[in-house]
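Residue 463 is where the sequence shown ends in my numbering, and the numbering goes up by one at each step.
Glycine is no exception: its CB is placed at the ideal position from the N, C-alpha and C atoms.
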Amino acid sequence: MSNTAFKVAVLGGGISGAVCASTLARNGISVTLFESARGPGGRMSQRREKAEDGKELHFDHGAPFFSVSNPEVVRLVQEWESRGLVAEWKEKFGFFDFQTLKFDSIEQEGLSKRFVGVPGMNSICKALCSESGIGRVEWLNDEKLWSLIGVDGQNLGQFKGLVASDKNIVSTRIAEVTGRVPPLDLKLLPELSEKLHNLPVRPCFAVMLAFAEPLSTIPVKGFSIKNSKLLSWAYCDSSKPGRSTTSRICREYNRSNGTQEAIRRYIE
Ligand SMILES: Cc1cc2nc3c(=O)[nH]c(=O)nc-3n(C[C@H](O)[C@H](O)[C@H](O)COP(=O)(O)OP(=O)(O)OC[C@H]3O[C@@H](n4cnc5c(N)ncnc54)[C@H](O)[C@@H]3O)c2cc1C
196 MSNTAFKVAV LGGGISGAVC ASTLARNGIS VTLFESARGP GGRMSQRREK AEDGKELHFD
256 HGAPFFSVSN PEVVRLVQEW ESRGLVAEWK EKFGFFDFQT LKFDSIEQEG LSKRFVGVPG
316 MNSICKALCS ESGIGRVEWL NDEKLWSLIG VDGQNLGQFK GLVASDKNIV STRIAEVTGR
376 VPPLDLKLLP ELSEKLHNLP VRPCFAVMLA FAEPLSTIPV KGFSIKNSKL LSWAYCDSSK
436 PGRSTTSRIC REYNRSNGTQ EAIRRYIE
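Now the structure itself:
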């Protein structure tokens, strides 16, 4: 048996790659995880900024929270909760009408459970990826094994299996933005090509705002915005469990239950 028999490379340290790597490792498979960003987290990352007074502010600038209903994901989240990686965010949420400029519906605390990473949304990915090797991937070549070559030309090893958790790994958009060829050549996987091509991509902006004083006139810690073409929702990050700084965050985004979906895909 070759020493690559049980070696799997996971590309991407977002929640799906992190859960995948952790699940494979727990089942005795040797996993190497490659992440091209500074650290794990992906669209559940946390950003640090310095305020004028030197105070460090932390913003969850991707998913602000997630909720779970799938029983398998519920079990996983309970385990993360027992490890102190996530906590329930028990606050009031509501709706803001951009036409009347009023809060028109306040949801009572505890109606639906919202979970957040502690102390940041990226904590789950960081913990799950902590025992995996981190590298950078430029291109792959398939014969019987996957050979991974780093951006500086270094040999990152050969792998029996490869899990690509980010659509950008195959997207031609990466070439438009970076001028580099996508790391995974879809000519090698024609049947996947069409499926991936049809996946919608919806860009959005996240605006991170910090206030010296609490915004006491806002009756909720998070709200969806109705009747606005620009804004979708706003959340108060500093009201989340395990946060100590004063911060607010406001974004344009079409809400989804993407986090649960990303987790579920990779524990199956
Ligand atoms: C603003 C915003 C708000 C959201 N709100 C919610 C919400 O309220 N509830 C909810 O459930 N979900 C929400 N989501 C969606 C949720 O964040 C995502 O569905 C989930 O985090 C996706 O995880 P993923 O692992 O599939 O992908 P990602 O998190 O995108 O991870 C992919 C990883 O692959 C890495 N990568 C890319 N190319 C390479 C390469 N060549 N080599 C190595 N690594 C590579 C990337 O750096 C990244 O870390 C929101 C997302 C955003 C952006």
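Checklist line | Proximity winner among R238, A220, F290 and E274, relative to S360 (alpha-carbon distances) | finding: Taking the sequence shown and counting its residues from 1, one reaches residue 360 at position 165. Checked all of R238, A220, F290 and E274; the closest Cα to S360 is R238.
Check: Do C324 and ligand 1 come close, with the Cβ less than 7 Å from some heavy atom?
Finding: Position 129 of the sequence shown holds residue 324. No, ligand 1 has no heavy atom inside 7 Å of this Cβ.
Item checked: Assigned secondary structure, V214 (DSSP; H/G/I helix, E/B strand, else coil) -> Stepping through the sequence shown from its first residue, residue 214 is reached at position 19. DSSP places V214 in helix when its eight states are reduced to three.
Notebook entry, point to check: Would the beta-carbon of S434 be found less than 7 Å away from any heavy atom of ligand 1?
Noted result: Here residue 434 is taken as the residue at index 239 of the sequence shown, counted from 1. No - ligand 1 has no heavy atom lying nearer than 7 Å to the Cβ of S434.
Next item on the list: Quick one: which unbroken alpha helix (DSSP H) runs of 4-plus residues sit fully inside the stretch 281-328? Chain order, please.
Entry: 318-324
Next item on the list: Classify H253 as buried or exposed, calling it buried when 16 or more other Cβ atoms lie within 10 Å of its own Cβ.
Entry: Mapped onto the sequence shown, residue 253 falls at position 58. Flag for H253 reads buried.
Item checked: Chain-order list of residues whose beta-carbon lies under 7 Å from that of S300 (same chain, five-residue window excluded) -> Looking up residue 300 in the sequence shown gives position 105. Same-chain partners within the cutoff: G289 and F290.
Next item on the list: Could you check if S240 is buried or exposed, using at least 16 other CB atoms within 10 Å of its CB as the buried criterion?
Entry: The count along the sequence shown starts at 1 and reaches residue 240 at position 45. Buried is the call here.
Check: Exposed or buried, which one is L206 when buried takes at least 16 other CB atoms within 10 Å?
Finding: Stepping through the sequence shown from its first residue, residue 206 is reached at position 11. L206 comes out buried.
Margin query: Any heavy atom of ligand 1 inside 7 Å of the beta-carbon of E230?
Written below: In the sequence shown, the residue the question calls residue 230 occupies position 35. Because some heavy atom of ligand 1 lies under 7 Å away, the Cβ of E230 counts as near it: yes.
Check: Using DSSP with H/G/I as helix, E/B as strand and the rest coil, what is K202?
Finding: In the sequence shown, counting from the first residue as 1, residue 202 sits at position 7. Note: K202 maps to strand in three-state DSSP.
Next item on the list: Go ahead and label L351 buried or exposed: buried means 16 or more other beta carbons lie within 10 angstroms of its beta carbon, across all protein chains shown.
Entry: The residue labelled residue 351 in the question sits at position 156 within the sequence shown. The residue in question, L351, is buried, as its Cβ has 16 or more Cβ neighbours within 10 Å.
Check: In three-state DSSP terms, what is G207?
Finding: To locate residue 207, count along the sequence shown from 1; it is residue 12. G207: coil per DSSP, three-state reduction.
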